[in-house]
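Trainee:
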Amino acid sequence: MADRDSATNSISHFTRRALIVIGLVGLVSVLLYFANQLLGVLLLVFASVLVAVAIDGMVRLCWRYLPLSRPWALVLVAILIVLILVGLGALVGPPLMTQLSQLAQELPQAFQQLIGMVRELPGSERVLGGGDEPARSLAQPVLNRITTALSTTFDAITSFLLVLLVGFYLVVDPAEYARNLLMLCPPARRERLGQVLCMQGRALRWWLISRLISMLFIGVLVALGLAIMGVPMAGALGLIAGLFTFIPYLGPILGVIPTVLIAILQAPQLGLYAVLLYLCIETLESNVVTPLAAKGMVRLPPAYTVVVQLAGGAVAGVAGVMLATPLAVAVAVAVQMLYVEDLLGDEVEVLGQRK
Numbered sequence: 190m191a192d193r194d195s196a197t198n199s200i201s202h203f204t205r206r207a208l209i210v211i212g213l214v215g216l217v218s219v220l221l222y223f224a225n226q227l228l229g230v231l232l233l234v235f236a237s238v239l240v241a242v243a244i245d246g247m248v249r250l251c252w253r254y255l256p257l258s259r260p261w262a263l264v265l266v267a268i269l270i271v272l273i274l275v276g277l278g279a280l281v282g283p284p285l286m287t288q289l290s291q292l293a294q295e296l297p298q299a300f301q302q303l304i305g306m307v308r309e310l311p312g313s314e315r316v317l318g319g320g321d322e323p324a325r326s327l328a329q330p331v332l333n334r335i336t337t338a339l340s341t342t343f344d345a346i347t348s349f350l351l352v353l354l355v356g357f358y359l360v361v362d363p364a365e366y367a368r369n370l371l372m373l374c375p376p377a378r379r380e381r382l383g384q385v386l387c388m389q390g391r392a393l394r395w396w397l398i399s400r401l402i403s404m405l406f407i408g409v410l411v412a413l414g415l416a417i418m419g420v421p422m423a424g425a426l427g428l429i430a431g432l433f434t435f436i437p438y439l440g441p442i443l444g445v446i447p448t449v450l451i452a453i454l455q456a457p458q459l460g461l462y463a464v465l466l467y468l469c470i471e472t473l474e475s476n477v478v479t480p481l482a483a484k485g486m487v488r489l490p491p492a493y494t495v496v497v498q499l500a501g502g503a504v505a506g507v508a509g510v511m512l513a514t515p516l517a518v519a520v521a522v523a524v525q526m527l528y529v530e531d532l533l534g535d536e537v538e539v540l541g542q543r544k
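Start counting the sequence shown at 190; every next residue gets the next number (the numbering used here).
#1: Tell me which same chain residues have a C-beta within less than 7 Å of the C-beta of PRO437, skipping the five on either side of it?
#2: To the nearest whole angstrom, what separates the beta carbons of ILE237 and GLY356, a pair I think is in contact under 8 Å?
#3: Exposed or buried, which one is PHE406 when buried takes at least 16 other CB atoms within 10 Å?
#4: For ALA505, collect the residues of the same chain with a Cβ closer than 7 Å to its Cβ; drop the 5 residues on either side in sequence, then sort them by chain order.
#5: Rank ILE398, PRO363 and VAL230 by C-alpha distance to the C-alpha of VAL478 and give the top, closest one.
#6: Would you grab the beta carbon distance between ARG379 and LEU386 for me? Rounded to a whole angstrom, and I think it's under 8 Å.
#7: Buried or exposed for GLY534, going by 16 or more other Cβ atoms inside 10 Å?
#8: My output table needs one value for ASP362: the three-state DSSP class, helix, strand or coil.
#9: Does DSSP classify THR514 as helix, strand or coil?
#10: Could you tell me the distance, in whole angstroms, from the CA atom of TRP395 to the CA atom of GLU530?
#11: Since THR448 and PRO441 should fall inside the 8 Å C-beta cutoff, what is the C-beta to C-beta distance between them, to a whole number of angstroms?
#12: Grab me the residues of ALA367's own chain with a C-beta within less than 8 Å of its C-beta, minus the 5 sequence neighbours each way, in chain order.
#13: Would you kindly report the start and end of the unbroken alpha helix (DSSP H) that includes VAL238?
#14: Please look up how many angstroms separate the CB atoms of LEU426 and VAL411, rounded, as I've assumed it's under 8 Å.
#15: Going by C-alpha distance, which of GLY509, ARG488 and SER258 is nearest GLN498?
#16: So which of LEU532, LEU527, SER403 and GLN525 has the shortest CA-CA distance to LEU473?
#17: Can you say whether ARG253 is buried or exposed, counting buried as having 16 or more other CB atoms within 10 angstroms of its CB?
#18: Among ARG488, ALA521, PRO260 and LEU439, which one has its Cα closest to the Cα of GLY502?
#19: Between which two residues does the alpha helix (DSSP H) carrying ILE436 extend?
#20: Got a sec: does the ligand SAH put a non-hydrogen atom nearer than 7 Å to the Cβ of PRO441?
#21: Please return the same chain residues whose Cβ sits closer than 6 Å to the Cβ of ALA517, not counting the five positions on each side in sequence.
#22: In whole angstroms, give me the CA-to-CA distance for PRO260 and ASN369.
#23: Quick check: VAL522 and MET388, are their CB atoms within less than 8 Å of each other?
#24: Secondary structure at ARG488, three-state DSSP: helix, strand or coil?
#25: Going by CA-CA distance only, name the one from ILE453, LEU443 and ILE470 that's closest to LEU413.
#26: Can you look up LEU373 in the DSSP assignment and give me helix, strand or coil?
#27: Count the other CB atoms, across all protein chains shown, that sit within 10 Å of the CB of GLY460; report buried if there are 16 or more and exposed otherwise.
#28: Along the chain, where does the alpha helix (DSSP H) that runs through VAL537 open and close?
#29: So, is ARG205 buried or exposed, given that buried needs 16 or more other C-beta atoms within 10 angstroms?
#30: Under a Cβ-count criterion, where at least 16 other Cβ atoms within 10 Å of its own Cβ denotes burial, should TYR358 be classed as buried or exposed?
#31: According to DSSP, simplified to helix, strand and coil, what is PRO441?
#32: From LEU373, VAL420 and GLY215, pick the residue whose C-alpha is nearest to that of GLN455; which is it?
#33: Leaving out five residues before and five after LEU250 in sequence, what residues of the same chain have Cβ atoms less than 7 Å from its Cβ?
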């Protein structure tokens, strides 16, 4: 009789554990399904968090060096951001929009000219075939993508303004949002998870500073170099190069493409000079500017960064590529603190932790 009761209890215990596992698998599946459906919204939220981290860094800077309380420092930062955006829009907006419009018109012609140069090389006829149709069919997908990217400028501006607005809401009282998030965690782990959130914010802040320095360096030098060389639309091309620098490693490769196409449209040798200019600036940025800017800041291994960007692009397209690296920074901090330090007991230099 006792053996029968023991067997019954064992079966009941096994059934209960099996039901718990099935329930957890079902819950995770439902969460993954909704996360996939709301992927764009989640990326928008993370972009807003990045903006909030950047604004909070500016507020801390004003708070440290000016006799202002945090609310007044936030008001000052908001006014400065609005003035900067309005000033840039008034001074750079009209000529930049004209240059971007001209860029959209000349890029297809530049690409067609590049295809024509390729056709003159020995053996290219067997690859491209005779007539103009192969060149047109080869160029059309790229031209369609360029046209689509340029036609979504206003959508990108709208998304940027929305991200900026949500970021301001987050930075008004970040402690409240952090408390609400930690309330979902076990009480015994809330203090440690709060430390992880603080370290993630610090790592993201230093990563943004290092990216901003690289973007300004690349954008200004590319614009000045192209202007000296006589390449048209130097301001727009420099802006594109600087913006693409936000994406480490892959961004500079993408940013040089419009520059080379426009330069080739003027003269083939000018395209070669543009490539050499870009290589010199990138070499100087990688070997001098970035090591100086990254001293005490956040740098991820190149292979790790590129793999993360490719994964982000496969999952969420362009937005995934842009946000993959900062997301990887946040995940790396959590893994270092919660797994390596707490679970394994090893000491590790956490990203963003200044000595």
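Note that the Cβ used here is the ideal one computed from N, Cα and C, for glycine as well.
Mentor: This is what the structure holds:
#1: Counting only Cβ-Cβ distances below 7 Å, and skipping sequence neighbours, we find THR494 and THR514.
#2: Reading off the sequence shown, one finds Ser at residue 237, where the question assumed Ile. At roughly 5 Å, the Cβ-Cβ gap stays under 8 Å, so SER237 and GLY356 are in contact.
#3: Taking every protein chain shown into account, the CB of PHE406 has 16 or more other CB atoms within 10 angstroms, so this residue is buried.
#4: LEU228 and LEU232
#5: ILE398
#6: Actually they do not touch by this definition, with Cβ atoms about 10 Å apart.
#7: exposed
#8: coil
#9: helix
#10: 22 Å
#11: Actually they are not in contact, since the Cβ atoms of THR448 and PRO441 sit about 11 Å apart, beyond 8 Å.
#12: GLY383 and LEU386
#13: 228 to 254
#14: VAL411 and LEU426 do touch by the CB rule: their CB atoms are close to 7 Å apart, below 8 Å.
#15: From the listed residues GLY509, ARG488 and SER258, the smallest Cα separation to GLN498 is found for GLY509.
#16: SER403
#17: exposed
#18: LEU439
#19: Element bounds for ILE436: n/a, residue is neither H nor E.
#20: Although the ligand SAH was asked about, the structure shown includes no ligands whatsoever.
#21: Excluding residues within five positions, the ones whose Cβ falls inside 6 Å are VAL497.
#22: 21 Å
#23: yes
#24: coil
#25: ILE470
#26: Of the three classes helix, strand and coil, the one that applies to LEU373 here is coil, per DSSP.
#27: Buried is the call here.
#28: Unbroken run through VAL537: none, as it is neither H nor E.
#29: exposed
#30: Per the 10 Å Cβ criterion, exposed.
#31: PRO441 falls in the helix class under three-state DSSP.
#32: VAL420
#33: none
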